[in-house]
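Going letter by letter, the sequence shown gives residues 5 to 211 in the numbering used here.
Written out below as structure tokens is the structure these notes cover.
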Amino acid sequence: QEREIDRIGSNKSVKIDVRIISTSNRILEDEITKGTFREDLYFRLNVMNLRVPPLVERPDDIPVLAEYFVNKFAEANGVNSRPISAKALDMLRGHTWPGNVRELENTMHRAILLASGDEVDTDAILLQNSSGGSGGNTANDGGSEKTSMVGRTVADVERQLIINTLQHCLGNRTHAANILGISIRTLRNKLKLYNDQGLAVPMPGNE
Numbered sequence: 005q006e007r008e009i010d011r012i013g014s015n016k017s018v019k020i021d022v023r024i025i026s027t028s029n030r031i032l033e034d035e036i037t038k039g040t041f042r043e044d045l046y047f048r049l050n051v052m053n054l055r056v057p058p059l060v061e062r063p064d065d066i067p068v069l070a071e072y073f074v075n076k077f078a079e080a081n082g083v084n085s086r087p088i089s090a091k092a093l094d095m096l097r098g099h100t101w102p103g104n105v106r107e108l109e110n111t112m113h114r115a116i117l118l119a120s121g122d123e124v125d126t127d128a129i130l131l132q133n134s135s136g137g138s139g140g141n142t143a144n145d146g147g148s149e150k151t152s153m154v155g156r157t158v159a160d161v162e163r164q165l166i167i168n169t170l171q172h173c174l175g176n177r178t179h180a181a182n183i184l185g186i187s188i189r190t191l192r193n194k195l196k197l198y199n200d201q202g203l204a205v206p207m208p209g210n211e
């Protein structure tokens, strides 16, 4: 508040030039009432208050952000960027996006790695279950998939997911790790374990 700090072990104040920007996905007035956020801190921070609506309230932003993320992750992963098909854009607009922009970012990261045609189409868009009526792929695709997992161990399901993802990526470890949301080191450790168990593991592809 005074634009000064006291270093540990020093008896002199240091002048600083700083501006603090904070953000929260909670209603802080409610948190103050519940006693989970300090009222004095709120009033120190709350000089200028900007409300950013959730992504579901900004449908026109979705295609712009989706295209940005596709180009960003295509370059980051060394793959060709592709346009997003009209059907895929309809699916994105119909989703409720409970995770807001971060969820869209992760979705398009997976999509550019999964896309196999000239466009990023609906088969590359993997969404969590949505009440938005968009249809298409979801993280859990219904009763048949649930039934197929009943009676299997977590390790067994994890192994099949890793192997299937690797096959889809033509053995590319980096792309598979990105889709799975794990580090390349974790993926390699898993594959070494499968090899030691005598299981067939896809050969490495172009990284």
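For glycine and all other residues, C-beta sits at the position ideal for the given N, C-alpha and C.
The criterion of a C-beta distance shorter than 7 Å is satisfied by L49 and S26. Cα atoms of R189 and L195: separation of roughly 10 Å, rounded to the nearest angstrom. Following the DSSP letters along the chain, one finds D10 inside the beta strand (DSSP E) bounded by residues E8 to D10. Considering only R177, H172, D122 and N29, the residue with the shortest C-alpha distance to R106 is N29. Per DSSP, the unbroken alpha helix (DSSP H) holding V158 starts and ends at V158 to H172.
Rounded to whole angstroms, the gap between the alpha carbons of L165 and R55 is 40 Å. Under the DSSP definition of a beta bridge, I88 partners with V124. For L59 against W101, the beta-carbon gap comes to about 4 Å, under 8 Å, which counts as contact.
In the DSSP assignment, V68 falls within the unbroken alpha helix (DSSP H) covering D65 to N81. Measuring C-alpha to C-alpha distances from P87 to each of N75, R97 and N81 identifies N75 as the nearest. Take the alpha-carbon of M112 and the one of V205: they are about 27 Å apart. DSSP places V18 within a strand segment (E or B) once states are collapsed to three. Distance between G82 and N53, taken at the CA atoms: about 40 Å. H99 and L93 have their C-alpha atoms some 10 Å from each other. Each of L32, I9, D44 and F77 was checked against the Cα of D21, and the nearest Cα belongs to I9. Under the three-state reduction of DSSP output, A119 falls in the coil class, being neither helix nor strand. Around the C-beta of F47, fewer than 16 other C-beta atoms lie within 10 Å, and the residue is accordingly described as exposed.
Apart from sequence neighbours up to five positions away, the residues of its chain that approach A115 with a beta-carbon distance below 6 Å are V124, A128 and I129, ordered along the chain. Per the coordinates, the alpha-carbon of I167 lies some 35 Å from the alpha-carbon of D65.
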